[in-house]
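Numbering (our numbering), first residue to last: 1304 to 1391.
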């Protein structure tokens, strides 16, 4: 399992659009993906779960993955968050 902590920099945090982009990116990978904030942990491939975290700008989230492509998955998701949910 690989985990990385990242700070949300986008103004709205994990709102609907950002959550949708996170899920779309997470679903490209076969690994199990988990997102943690405020001590709560949710499935990183569930838009409802991600939005339920209520994570806002300036807050830290932990992205974790377990599986054959875990390193690539975490790196891709961290890049997405660090680029303010703008797909590159």
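Note that CB positions come from ideal geometry on N, CA and C, so glycine has one too. Please read these numbers as outputs of a predicted model, since none were measured by experiment.
Taking a 10 Å sphere around the C-beta of residue 1340, we find 16 or more other C-beta atoms and assign the residue as buried. Sorting 1376, 1320 and 1310 by C-alpha distance to the C-alpha of residue 1361 places 1310 at the top. Rounded to whole angstroms, the separation of the alpha carbons of residue 1365 and residue 1338 is 6 Å. A straight line joining the alpha-carbon of residue 1383 with that of residue 1354 spans about 16 Å. In the structure shown, residue 1335 falls within a strand segment according to DSSP collapsed to helix, strand and coil.
For residue 1372, same chain residues with a beta-carbon under 7 Å away, outside a window of 5 residues either side, are 1332, 1333 and 1334 in chain order.
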